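Colleague: Quick one: the structure is below, and I'll ask about it shortly.
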Amino acid sequence: MPKVIACLLLFILIAHSAVISAECDPSFDELLKLPFEQLYDTDVNVASKVSTDPEKQPASVTVVSREQLQLSGARTLSEALMVYVPGYFCRRRSR
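The following block contains the structure:
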């Protein structure tokens, strides 16, 4: 019985922390509305939960040529990114 209670408490704590985390983070739509200058001054949190300057964050750059875009057959930017950018995934939201 104590194991069941401990597991239940652990589950509640994890679920509660996920809800609080979701409430604290600004939504993607809110970020899109910010002016560039304000976005540039925004601190970035990485997996280590350490807030740092965006210029010091590790970044991955993918260069795609015009020929590659034409050969890919992509009709939208999102389709092209899904073909050429490793780990990129886009889901369409219906309104």
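So the mapping is simple: this note's numbering equals the position in the sequence shown, first residue as 1, plus 3. Where is the CB? At the ideal position from N, CA and C, for every residue including glycine. Bear in mind that the values here come from a model prediction, so they are computed numbers and not experimental data.
#1: Looking only at C-alpha atoms, which of Thr79, Ala83, Ala62, Arg78 sits nearest to Ser68?
#2: Between Thr65 and the rest of its own chain, which residues show a CB-CB distance below 7 Å, the 5 nearest in sequence each way excluded?
#3: Considering only C-alpha positions, which residue in the set Lys36, Ser63, Gly76 is nearest to Gly90?
#4: Measuring straight from C-alpha to C-alpha, what distance separates Phe92 and Ala77?
#5: Rounded to a whole number of angstroms, what is the C-alpha to C-alpha distance between Leu37 and Asp44?
#6: Measure the alpha-carbon distance for Lys100 versus Arg94 and round it to whole angstroms.
#7: On the three-state DSSP scale, how would you describe Val66?
Modeller: So, from the data block:
#1: As a first step, residue 68 must be located in the sequence shown, where it is residue number 65. Of the listed residues, the one whose Cα sits closest to Ser68 is Ala83.
#2: As a working note, residue 65 is residue 62 in the sequence shown. Excluding residues within five positions, the ones whose Cβ falls inside 7 Å are Tyr87, Val88.
#3: In the sequence shown, the residue the question calls residue 90 occupies position 87. Cα-wise, what sits closest to Gly90 is Ser63.
#4: The count along the sequence shown starts at 1 and reaches residue 92 at position 89. The count along the sequence shown starts at 1 and reaches residue 77 at position 74. Phe92 and Ala77: Cα-Cα distance of roughly 14 Å.
#5: Against the sequence shown, residue 37 aligns to sequence position 34. Against the sequence shown, residue 44 aligns to sequence position 41. Each residue's alpha carbon lies about 11 Å from the other.
#6: Past the edges of the chain, shown from 4 to 98, lies residue 100, and the structure says nothing about it.
#7: Taking the first residue of the sequence shown as 1, we reach residue 66 at position 63. Here Val66 sits in coil by DSSP.
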